[in-house]
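Enquirer: Residue numbers (this note's numbering): -19 to 148.
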Amino acid sequence: MKLTRRQLRRLINESIAYDVQGFVNALSSLFEVSIFKKDNRGTALEITKRYPPISTGAKCKVYMFVIVRSGGSVNIAEIGTFSGEASGKNQINYDCYGNDFAKQSLSEFLSIVDQFDIEVDLTAASDDEERFPNSKLVDFYSRYGFGRYGAKGTGYVEMFRDRISDRV
């Protein structure tokens, strides 16, 4: 069996001990991070970034739920901009939309991902098709290096972002 250079690089990267705790510590320097669950498949993290009140007085936060797999990849299971009130539940506050909070948080998250040479996948599926259709969501993630894969014509789009070492 012949391996491509990319496949060989991926096998080598996956065989190297992956520093999950170092990744979590790096995230903690910019975000509130709590471990939701840890098992042999990986570590589920709740990641929150709170922002100062905006002009309307609304407090906003970006919440991410991610699965850090032991093999050196991350799945963003959820990302959204919500009311920053401390109710414990993520409440939608449309005043928080359009302030670039998700852009800033995703940029900071991906800069740490790149430091640790991690690949990322997600499913682009909008919770509010009227305000933020899936096509806009796919365009949003594409600007951050995510490419599409999987079946077309579904209500969601599978997306993938290579490790920084695979992008050369």
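All C-beta atoms in this analysis are idealised placements derived from N, C-alpha and C, irrespective of residue type, glycine included.
Bear in mind that the values here come from a model prediction, so they are computed numbers and not experimental data.
From residue 36 to residue 75, what does the alpha carbon distance come to, in whole angstroms?
Expert: Rounded to whole angstroms, residue 36 to residue 75 spans 7 angstroms at the Cα level.
Enquirer: I need the straight-line Cα distance from residue 77 to residue 42, nearest angstrom please.
Expert: Taking the straight line from one Cα to the other gives about 10 angstroms.
Enquirer: On the criterion of 16 or more Cβ atoms from any shown chain inside 10 Å, does residue 16 qualify as buried, or is it exposed?
Expert: Exposed is the call here.
Enquirer: Assess contact between the stretch 5 to 21 and the stretch 97 to 116, defined as three or more Cβ pairs (one per stretch) separated by less than 8 angstroms. Is contact present?
Expert: The stretch 5 to 21, when compared against the stretch 97 to 116, does not touch it at the 8 angstroms Cβ threshold.
Enquirer: Kindly identify the DSSP beta-bridge partner or partners of residue 24.
Expert: DSSP lists 17 and 47 as partners of residue 24.
Enquirer: Rounded to the nearest angstrom, what separates residue 60 and residue 89 at their Cα positions?
Expert: Distance between the alpha carbons of residue 60 and residue 89 is about 13 angstroms.
Enquirer: Return the first residue and the last residue of the beta strand (DSSP E) that residue 101 is part of.
Expert: Note, residue 101: beta strand (DSSP E), 99 to 104.
Enquirer: What does residue 8 pair with, by DSSP beta-bridge criteria?
Expert: DSSP, once it has assigned bridges, lists no residue as partnering residue 8.
Enquirer: Between which two residues does the alpha helix (DSSP H) harbouring residue 129 extend?
Expert: No alpha helix (DSSP H) contains residue 129, which is instead part of the beta strand (DSSP E) from 127 to 129.
Enquirer: Suppose contacts are defined by Cβ-Cβ distances below 7 angstroms. Is residue 0 in contact with residue 54 by that definition?
Expert: No, they are not a contact pair.
Enquirer: Looking at the strands, I want to know which residues DSSP matches up with residue 138.
Expert: Its beta-bridge partners are 103 and 129.
Enquirer: Any heavy atom of the ligand PLP within a distance shorter than 6 angstroms of the CB on residue 143?
Expert: The model depicted lacks the ligand PLP and carries no ligand whatsoever.
Enquirer: Would you say residue 51 and residue 30 are within 7 angstroms of each other, going by their C-beta atoms?
Expert: For residue 51 and residue 30, no; Cβs fall outside 7 angstroms.
Enquirer: At the level of alpha carbons, what is the spacing between residue 57 and residue 79?
Expert: In a straight line, the C-alpha of residue 57 is about 22 angstroms away from that of residue 79.
Enquirer: Can you tell which of 34, 4, 147 and 144 has its C-alpha closest to the C-alpha of residue 28?
Expert: Measuring from the Cα of residue 28, the nearest candidate turns out to be 4.
Enquirer: Between which two residues does the beta strand (DSSP E) carrying residue 57 extend?
Expert: Note, residue 57: beta strand (DSSP E), 53 to 63.
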